[in-house]
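Step one of this worksheet: look at the structure below.
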Amino acid sequence: MKHVQRFKARILGRSESPPKPTLENSCPRLDESSSSVTEPTKSRTTTHGLFILADSKPDEAGLMDFPVDIVAIHGLNGNAISTWRHEPDGTVWLRDLLPNFLPGCRVYTYGYPSKIWSQSSERVQEYALNLLVSLRDIREDLNAVI
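If you count by my numbering, then the sequence shown holds residues 2 to 147, one letter each, in order.
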């Protein structure tokens with residue numbers, strides 16, 4: 002019975018859903034000199050949401066250009082940044098290695114609360130929708146007429 006009450010308290014104590022992403026906070030950049038996240042408006046203590054790891058840089062010769070967007074999503078108990086980091090030297094391979102093999106690609110990572118027993122009340126479908134909205138907003142911004 003004690004376990005049931007603890008489980009019930011955990012369910013009732015779940016936090017509200019996080020704010021829906023907007024263009025301003027949906028895609029902060031992972032700082033290249035370290036593995037920390039920089040965001041224009043506020044300090045981010047978690048790694049939830051869409052982060053750009055590498056911008057599109059076409060091959061100088063123009064022979065090999067892969068104009069694609071790659072979005073990496075971690076698994077259960079993972080993290081948007083540390084899942085892709087090689088611990089001995091701190092290399093984030095999605096940011097530091099992948100763009101060299103696929104010039105012209107943009108690389109993103111998406112983080113969500115993935116703890117098996119997290120306090121999050123959102124479902125996987127809601128995180129997927131947030132990811133799609135963030136990607137749509139980025140694409141619309143890139144295609145905007147200036």
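From the three backbone atoms N, C-alpha and C, an ideal C-beta is built for every residue, glycine too. Predicted model only: the values in this text are computed from it and were never measured.
Would residue 80 and residue 117 qualify as a contact pair, given that the criterion is a beta-carbon distance under 8 Å?
No, these two residues do not count as a Cβ contact at 8 Å.
Rounded to whole angstroms, what's the CA-CA distance from residue 53 to residue 94? Just pull it up for me.
Taking the Cα positions, residue 53 is about 13 Å away from residue 94.
Buried or exposed by the 16-neighbour rule on C-beta atoms within 10 Å, applied to residue 129:
Note on residue 129: under 16 other CB atoms within 10 angstroms of its CB, so exposed under the neighbour-count rule.
Sort 124, 109, 114 and 115 by Cα distance to residue 139 and report the nearest one.
Looking at 124, 109, 114 and 115, the one whose alpha-carbon comes closest to that of residue 139 is 109.
On the three-state DSSP scale, how would you describe residue 69?
Residue state for residue 69 is assigned as coil, using DSSP reduced to three classes.
Ignoring anything shorter than 4 residues or poking outside the segment 74-146, list the alpha helix (DSSP H) runs there in chain order.
With a minimum length of 4 residues, the continuous alpha helix (DSSP H) runs that stay inside the segment 74-146 are 94-97, 99-102 and 125-143.
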